[in-house]
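Visitor: Just passing along the structure, written as structure tokens.
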């Protein structure tokens with residue numbers, strides 16, 4: 024798992040957070056606030072330097088730990104996969120025209136800049152109702 028996340032954007036973002044907490048990257052310098060984009064650029068430069076020093080650099084290790092344990096909850100994900108394999112959990116593929124709740128979140132993020140706040144809320148409500156209507160028959164079967 025560790026090698027799989029090494030080149031991901033999520034690791035780069037978590038590294039920035041960890042580097043900021045450890046004061047390797049500053050939010051402001053001499054009274055001037057640095058933008059998140061500028062902080063991220065600094066973090067990427069720092070990350071490549073840290074990787075050259077050691078793959079086991081403590082801040083890099085913490086960023087990996089946060090991705091695997093806090094964000095991905097890898098231990099519980101492995102448990103779920105094991106239980107699916109053992110037949111304790113039944114997984115069903117449902118083909119729909121409407122995006123899944125996970126996919127909906129990705130779609131909404133794509134529209135965040137164009138939609139007004141009221142429109143966003145209405146869009147999410149409409150999609151939520153449509154998703155529930157689409158998957159309700161499958162929920163009844165699972166119970």
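In my numbering, the protein residues as written are 24 to 166. Quick reminder that beta carbons are idealized off the backbone N, C-alpha and C, glycines included. Being a predicted model, the structure only gives us computed values, none of them experimental.
(1) Could you tell me whether the Cβ atoms of residue 130 and residue 157 are closer together than 9 Å?
(2) For the alpha helix (DSSP H) that contains residue 109, what are its first and last residues?
(3) With a threshold of 9 Å between beta-carbons, can residue 42 be considered close to chain E, or not?
(4) Taking the C-alpha atoms as reference points, what is the distance between residue 145 and residue 151?
(5) Quick check for students: name the residue ranges of the beta strand (DSSP E) that lie wholly in the region 53-82, counting only runs of 3 or more.
(6) Quick one: what's got a C-beta closer than 6 Å to residue 107's C-beta in the same chain, skipping five residues either side?
Guide: The answer reads as follows:
(1) In the chain shown, counting from the first residue as 1, residue 130 sits at position 107. In the chain shown, counting from the first residue as 1, residue 157 sits at position 134. For residue 130 and residue 157, no; Cβs fall outside 9 Å.
(2) As a first step, residue 109 is located in the chain shown; it is residue number 86 there, counting from the start. Segment: none, residue 109 is in no alpha helix (DSSP H) and carries neither H nor E.
(3) Annotation note: the requested chain E is absent from the structure, which comprises a single protein chain.
(4) Indexing the chain shown from 1 puts residue 145 at position 122. Indexing the chain shown from 1 puts residue 151 at position 128. Rounded to the nearest angstrom, the gap between the Cα atoms of residue 145 and residue 151 is 10 Å.
(5) As for any beta strand (DSSP E) of minimum length 3 sitting wholly inside the region 53-82, there is none.
(6) Taking the chain shown and counting its residues from 1, one reaches residue 107 at position 84. Taking C-beta separations shorter than 6 Å and ignoring five residues to either side along the sequence, the partners of residue 107 in its chain run 114, following chain order.
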